[in-house]
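Numbering (my numbering), first residue to last: 1335 to 1467.
Written below as structure tokens is the structure these notes are about.
This is how it looks when you write it as structure tokens:
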């Protein structure tokens, strides 16, 4: 997804990721939490393979984790990212919003059957082009 701004406008966006996903289906310690999750990050452009940095801060945010110890996929809704937090403050024209599928350890899995990154434009005078998901 690539952003394109009209000059002089201040965007008001909301992003939310949802997935139909599950972990490896077993855990040794359910109280330790989930070791598979999804992140939303800002890349410099379509060719970038790593998230942008702003100073020492990496522009990546956790969206949501999988439920633990579940062998079948279930729907998970992530955090709603908007201008009330700092996640979209550094989005610039030409940047790409990417989704990362993450695990903590070898042997853990993150199976994602489907996923959607929903973008809502809440203000007129702003164009947001969805080039790919």
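Note that beta-carbon positions come from the ideal geometry of N, C-alpha and C, so glycine has one too.
Model, not experiment: these values are computed from the prediction.
Where residue i sits in the DSSP three-state scheme
i            : result
residue 1402 : coil
residue 1438 : coil
residue 1422 : coil
residue 1384 : coil
residue 1338 : With a pLDDT of only 47 at residue 1338, under 50, the local geometry of the prediction cannot be trusted, and the value read off the model is given with reservation. Note: residue 1338 maps to strand in three-state DSSP.
Beta-bridge partners of residue i, as assigned by DSSP
i            : result
residue 1417 : None; residue 1417 has no bridge partner.
residue 1355 : 1408, 1446
residue 1347 : 1455
residue 1433 : 1374
Best match in the options for proximity to residue i [C-alpha to C-alpha]
i            : options                : result
residue 1404 : 1357, 1425, 1351       : 1357
residue 1353 : 1406, 1426, 1425, 1450 : 1450
residue 1432 : 1400, 1438, 1372       : 1372
residue 1468 : 1437, 1410, 1439, 1425 : Not covered by the structure: residue 1468. The range shown for the chain is 1335 to 1467.
residue 1351 : 1416, 1439, 1429       : 1416
residue 1388 : 1426, 1380, 1438, 1362 : 1426
residue 1386 : 1429, 1348, 1401, 1434 : 1429
residue 1349 : 1437, 1381, 1376, 1362 : 1376
residue 1393 : 1379, 1374, 1380, 1355 : 1374
residue 1362 : 1383, 1402, 1355       : 1402
Extent of the continuous beta strand (DSSP E) run through residue i
i            : result
residue 1372 : 1370-1377
Cβ separation of residue i and residue j, assumed to be a contact under 8 Å, to the nearest whole Å
i            : j            : result
residue 1397 : residue 1370 : Between residue 1370 and residue 1397 the Cβ distance is about 12 Å, and since that is not below 8 Å, they are no contact.
residue 1347 : residue 1455 : 6 Å
residue 1443 : residue 1437 : 7 Å
residue 1407 : residue 1445 : 7 Å
Cβ of residue i within 8 Å of any chain D Cβ
i            : result
residue 1442 : The chain labelled as chain D is not found in the depicted structure, where only one protein chain is given.
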